[in-house]
Each structure stands twice: as C-alpha cells, then as structure tokens.
Amino acid sequence: DAGVIQSPRHEVTEMGQEVTLRCKPISGHDYLFWYRQTMMRGLELLIYFNNNVPIDDSGMPEDRFSAKMPNASFSTLKIQPSEPRDSAVYFCASSLRLTRGGYGYTFGSGTRLTVV
Amino acid sequence: AQSVTQLDSQVPVFEEAPVELRCNYSSSVSVYLFWYVQYPNQGLQLLLKYLSGSTLVKGINGFEAEFNKSQTSFHLRKPSVHISDTAEYFCAVSGDNTDKLIFGTGTRLQVFP
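Those sequence lines, one after another, are chains W and A. In terms of my numbering, the first sequence opens at residue 972 and continues consecutively. In terms of my numbering, the second sequence opens at residue 2 and continues consecutively.
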C-alpha cells in the first residue's frame, strides 16, 4: 500500500498563475479530504468528497479555489489565479469509515505551495 | 457540533522526562477521539484513537491517552520522551453525526537533551 500520494511535493509559482495540486487516495477509501495548513490558521478543512461527490465545500476560501474528483483514484485542487496569501502546505487525506465508528484518516505528505 | 481545544501551544521538556499534552473536547453526541503526530516536513500520522471500550488507549512510539468522559478530556501521555519525539501533536474529534474530523490547533513538543 503506497498510502496517499500527493504531487507535486513543492510548487513555486508567480502570482496570477494557475496551480493544480493532485492527490491519489488509498484504494478502497470512500472519503477524500483537502486540508490547508498555515502557521496563522493551523489545519483548515477546505472540502471533502464521499464516493467522488463533494459533500462540504464550506471551507473553500474563495471562488479562486476549486476541487474535483473525477474518479475514485484521483482528485485535484486548483487555484486560479493564485495569490501570495495562498502560500501554505496543502494536505490530502483519504478515509474509510471504521466498522466500530470513527474514521481512519491517512494523510499524504503534502504539497508546499509558495506563491511569489 | 464537535470541537476540540488543545490547551498548550508549546511544551518544552527534557529527554527522558514524562510528558502530558492536554486535549479537551466538546460534543453533544458520542465521540471518537484521535491523536496525530506531524514530524517536520511530513504529513500527519495517526498515533492512537479512541472509538469505544477501554478508556486507556495505547498507541505507537510508547504514547497512550485516557478518555475521560466526565472531564471531557483525552490527554496524551508518555512516561519518558526521546529527542525523536520532537514534533507537532494534534488532537482531533469526530462523531456519529459527522463525516468530518475536527482538529485542534496543535501542540509543539520540543524535547531537549
């Protein structure tokens, strides 16, 4: 099991450019979450999917952010246009509801985004 | 709705000393509680979880946590820390009425030689 795979690990882009972050969840997991981590705000849930369907996108900061999950093995988070304040580490996590309740979240290694 | 509060943003401790990282939760329904660890430049890794049953939960790397319903707490403990335990620790909560995992703000554990 390769775990949750995110790409790229690091991204440096200029303000105004489009940025696409990618995530491959663990096979068989039916939930996928996108988080953003900054020093100021900590871990923020941006959006999550269940069975490829967006369930809650209330954490998406602005219309510049969009996320898709075209199939069970792939999701993207897109920022267009990017701004310096979008600089953060973006984590993807996938999960399976545990039989005894709760969720077994597995996080990817994150994408460190720097917008200059 | 669930919420979780980590009372200490930073905890400095010397190597081989015991440590407790505090976490309090708020929930009106049954809760599931988790502790995650984040080493520098890495993602979050599950340390341990409480779903039901025994209130004392043992996790990886010698950590344990105790679920205390009356105190609404889920404190993380280790009897003797190592330099390698230096990391950020996150408490998290979910419940039967939500698909989401709600994270605390994190506690930075710094172990000194």
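All C-beta atoms, glycine included, are put in the ideal place defined by N, C-alpha and C.
- Candidates W:V990, W:L1084, W:I997 and W:A1064: which alpha carbon is nearest F1036 (chain W)'s? W:V990
- Item | Cβ-based contacts, 7 Å cut-off: residues of the segment 52-82 of chain A near chain W | L52 and S53
- If H76 (chain A) and C24 (chain A) are in contact, beta carbons under 8 Å, what's the gap, nearest whole angstrom? 6 Å
- Message: Suppose only complete runs of 3+ residues qualify. What are the beta strand (DSSP E) ranges in the segment 35-69 of chain A, listed by chain order?
- Response: 45-51, 57-59 and 65-69
- How far does the beta strand (DSSP E) with A1064 (chain W) in it reach, from first residue to last? A1059 to S1066
- Query: So which residues of chain A does S1080 (chain W) contact, with C-beta pairs closer than 7 Å?
  - Reply: Q43 and G44
- Best match in A:T73, A:K79, A:S71 and A:V112 for proximity to G60 (chain A) [C-alpha to C-alpha]: A:K79
- Apart from the five residues on each side of it in sequence, which residues of its chain come closer than 8 Å, Cβ to Cβ, to I976 (chain W)? C994, K995 and G1079
- My understanding is that P1055 (chain W) touches V1024 (chain W), with C-beta atoms under 8 Å, so please give their C-beta distance in whole angstroms. At roughly 32 Å, the Cβ-Cβ gap does not stay under 8 Å, so P1055 (chain W) and V1024 (chain W) are not in contact.
- Query: Which full runs of the beta strand (DSSP E) of 3+ residues lie inside the segment 70-111 of chain A, going along the chain?
  - Reply: 74-79 and 88-96
- Message: So that I know if they touch, is there some Cβ in chain A lying closer than 7 Å to that of L1014 (chain W)?
- Response: yes
- Task: Measure the alpha-carbon distance for L48 (chain A) versus V38 (chain A) and round it to whole angstroms.
- Result: 6 Å
- Expressed to the nearest angstrom, what Euclidean distance is found between the alpha-carbon atoms of I997 (chain W) and G44 (chain A)? 15 Å
- Query: If we ignore side chains and look at the alpha-carbon of each, how far apart do V5 (chain A) and S27 (chain A) end up?
  - Reply: 6 Å
- Message: Using CA atoms only, rank isn't needed, just tell me which of W:V1060, W:L992 and W:Y1019 is closest to H1000 (chain W).
- Response: W:Y1019
- Quick one: does L102 (chain A) have its CB under 7 Å from some CB of chain W? yes
- Of all Cβ atoms in chain A, is any one closer than 7 Å to the Cβ of Y1061 (chain W)? no
- In terms of alpha-carbon separation, which member of A:E16, A:R109 and A:N69 lies closest to Y33 (chain A)? A:N69
- Per-residue burial, T56 (chain A) [other beta carbons within 10 Å of its own, 16 or more giving buried]: exposed
- Item | Cα-Cα separation between V58 (chain A) and F64 (chain A), rounded to whole angstroms | 9 Å
- Query: Could one say the Cβ of T106 (chain A) lies closer than 7 Å to chain W's Cβ atoms, at least one of them?
  - Reply: yes
- Query: What are the residues of the segment 1016-1047 of chain W that lie near chain A, defined by any Cβ-Cβ distance shorter than 9 Å?
  - Reply: L1016, Y1019, N1021, I1026 and D1027
- Item | Sub-7 Å separation of F15 (chain A) and A93 (chain A) beta-carbons | no
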